[in-house]
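Below is one structure, written out as structure tokens; comments come after it.
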Amino acid sequence: MKQQDYDPPGQPLVAQNPFRGHGGKPQVAPLWAESRQQLPEPVLPEQPHWVEMYWRAWEIAWTNLRRPRGSSQLPAYYLNPDGNPHLSLWETAFTTQFTLYGRRAFPFITALDNFYARQRDDGFIAGLLNTETGQPLLHPFDPNGAAPQVMAWVEWRYFRISGDDGRLAQVFWPLLAYHRWQQANRSWPDGFYWATGFSSGHFDLARIPEGVYHHRHWAWLDATAQATVTCLLLNQMALQLGQTELAESLALERARLQELINGRLWHKELNYYQDVDRDGRFSPVKALAAYWLLLDKELVGDRLADFLRPLRDEAAFRRFHPMPSLSADSPNYDPDQSGVWSPLNYLVMKGLRGVEQFALAHSLAVRHLEQVSEVYQHTDTFWDYYAAETAAPGPDAQPDYIGWTGLTPIAMLLEDVIGLYVDWPLRRVTWDRRLATTAPYGVRCFPLGPEGTADLLGDDQQITVTTDVPFTLTVRDEELSLQTALPAGTTTLDLR
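Numbering (numbering that gives the first Met the number 0), first residue to last: 0 to 495.
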């Protein structure tokens with residue numbers, strides 16, 4: 000009997016994916032020289048090296064921008080920092096977190112549309128696409144083939160910062176369909192999710208024995224945390240879009256996952272969340288990826304102080320260059336393997352801010368940026384990862400890597416060092432001012448919503464804001480917190 004090709008059953012939600020079948024003719028990217036004037040301009044008179052890095056990172060990003068081949072039928076430009084003929088969803092998800100600040104010059108967020116456009120009938124979205132053919136590089140039932148569930152987080156952040164609710168309505172359905180596929184194909188009967196080192200983006204980790212290319216039948220903490228965060232954010236999207244029944248089911252699923260994580264993944268002796276094998280034994284190491292849990296701020300609860308302690312401990316994650324992917328007090332810690340990766344550091348910063356640990360987020364971001372700056376001054380470039388114990392690139396690191404490393408000189412500089420956050424659906428801007436300087440600092444041409452901009456500059460006594468759109472500003476530092484409604488025009492605020 001001739002074997003027939005297997006055609007998996009379809010997922011009805013996929014029919015509402017507006018990206019499928021839309022290939023060909025992407026928007027033409029502008030030249031770098033034409034784009035620079037549309038980007039935010041950091042003002043840091045006492046830190047010229049940080050400003051130099053910021054502009055150099057943007058310039059390399061433009062160099063790494065690729066137009067899809069016509070034969071691929073991929074619909075959008077993408078960043079390709081290493082020249083490989085494939086497109087990684089993990090990489091793309093994190094590059095859109097800093098390129099969103101360049102959205103006036105070019106819609107970098109559309110790079111994710113390449114993956115939505117290739118969603119299968121059953122909801123599967125590949126973690127890697129061949130940029131020549133546009134096809135997935137791995138089969139959906141290869142343990143390494145599926146993308147991690149990070150897109151809902153990326154799209155929700157983009158919505159909160161840009162206010163683009165039109166895009167939110169488009170991406171909700173492919174994201175929900177993919178979550179249902181993950182639920183059916185990447186979870187165990189008890190509800191935990193699994194991945195591999197390769198598929199999770201953490202292929203350097205030694206946290207699960209022989210787990211680089213296989214799940215080893217473990218409950219994977221980061222995959223389960225990502226599923227929980229995805230439920231939270233899809234619930235928020237559903238409420239925004241009036242899908243109340245879907246919102247309720249997602250809330251119930253999130254609650255079940257929270258209970259599982261808190262009931263079985265908390266190591267009481269180490270005061271840390273960890274992966275667990277099929278017999279209920281904990282991984283011997285503390286992985287930085289555990290801090291995905293902070294993105295659901297209600298999950299950790301009264302364990303927060305204990306859970307954050309390794310981030311303050313120089314024997315754990317607060318190394319010479321914070322934060323290595325494995326804690327230095329873990330038995331499998333290898334400073335050559337457990338390097339410092341911008342994507343992991345960035346998610347920790349976002350998680351810390353979500354649980355209102357603003358001072359800790361700022362101090363870690365400054366220390367990380369200082370070490371990246373030190374390496375930049377010696378090598379004149381950026382690397383895909385860094386050594387944790389010295390001011391150096393990681394072993395075999397790749398240069399000119401803007402890619403995900405653009406998070407550090409761009410997004411972390413604006414958000415965690417200078418301290419600016421936008422929630423545009425609420426017309427709110429928060430300036431968390433913690434930089435140790437008495438000199439005026441801030442940002443010019445900071446994008447607000449679809450068309451607005453603002454200049455925000457000030458010292459420890461007074462700030463001046465010039466904006467062409469009204470919004471509510473919250474200014475916060477170690478001594479004060481004030482909130483005021485700002486009209487279009489120029490406003491000066493006394494802080495002392």
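Cβ coordinates follow ideal geometry from the N, Cα and C atoms, glycine included.
- Residue Thr437 holds the alpha-carbon nearest to the alpha-carbon of Gln46 among Thr437, Thr489, Leu481, Leu303.
- Exposed is the label assigned to Ser70, since fewer than 16 other Cβ atoms lie within 10 Å of its Cβ.
- Annotation for His21: Pro74, Ala116 place their beta carbon closer than 7 Å to its own, counting only its chain and skipping 5 residues before and after.
- Closest by C-alpha distance to Gln169, out of Asp493, Asp112, Ala250, is Asp112.
- With at least 16 other beta carbons inside 10 angstroms of its own, Gln257 counts as buried.
- Under the Cβ criterion (8 Å, minimum of three pairs), the stretch 478–488 counts as touching the stretch 463–470.
- In the displayed model, Val374 falls within a helix according to three-state DSSP.
- In this model, Asn143 and Phe197 are separated by some 6 Å (Cα to Cα).
- Put simply, of Leu368, Val421, Asp459, Asn63 the residue whose alpha carbon is nearest the alpha carbon of Asp493 is Asp459.
- Ranking Arg103, Pro139, Tyr77, Asp120 by CA distance to the CA of Thr109 puts Tyr77 first.
- In the displayed model, Ala28 falls within coil according to three-state DSSP, outside both helix and strand.
- Rounded to the nearest angstrom, the Cβ distance from Pro139 to Ala194 is 14 Å, too far for a contact under 8 Å.
- Inter-residue distance for Leu359 and Leu351 is about 7 Å (C-alpha atoms, whole angstroms).
- DSSP places Arg427 in the uninterrupted beta strand (DSSP E) bounded by 427–431.
- In this structure His367 does not touch Thr404 by the C-beta definition: roughly 11 Å separates them, more than the 8 Å allowed.
- Judged by DSSP secondary structure, Ala226 falls within the alpha helix (DSSP H) whose first and last residues are 220–239.
- The stretch 102–147 is shown to contain whole beta strand (DSSP E) runs of 3 or more residues at 127–129, in chain order.
- Per DSSP, reduced to three states, the secondary structure at Ile260 is helical.
- By the criterion of a C-beta distance shorter than 6 Å, Leu12 is surrounded in its chain by Trp172, Leu175, Ala176, once the five residues flanking it on both sides are discounted.
- If you compare the alpha carbons of Trp180, Phe105, Phe97 with that of Phe123, the shortest gap goes to Trp180.
- CA-to-CA, the gap between Phe319 and Pro7 works out to about 50 Å.
- Counting only the Cα atoms, Leu287 lies some 36 Å from Ala28.
- Residues of the same chain with a CB within less than 6 Å of the CB of Ala289, apart from the 5 flanking positions on each side, are Leu220, Tyr272 in chain order.
- When secondary structure is reduced to three states using DSSP, Trp403 falls in the helix class.
- Counting only the Cα atoms, Gln242 lies some 13 Å from Leu232.
- Nearest Cα to Trp423 within the set Ser362, Asp276, Val42, Asp164: Asp164.
- Sixteen is the threshold: when 16 or more other Cβ atoms of the shown chains lie within 10 Å of the Cβ of Glu414, as they do, the residue is buried.
- For Arg253, the three-state secondary structure derived from DSSP is helix.
- Counting of Cβ neighbours within 10 angstroms places Thr229 among the buried residues, the total reaching 16 or more.
- Between Ser337 and Ser324, the CB-CB gap stays under 7 Å.
- Here Arg475 carries a strand assignment [DSSP, helix/strand/coil].
- Lys267 sits exposed, since fewer than 16 C-beta atoms from the chains shown fall within 10 Å of its C-beta.
- Leaving aside the five residues that flank Pro334 on each side, the residues in its chain whose CB is nearer than 6 Å to its CB run, in chain order, Ala387, Glu388.
- When C-beta atoms of the stretch 83–99 are compared with those of the stretch 391–405, three or more pairs fall below 8 Å, so the two segments count as touching.
- Beta-bridge partners assigned by DSSP to Asp493: Gln461.
- For His48, the enclosing alpha helix (DSSP H) begins and ends at 47–62.
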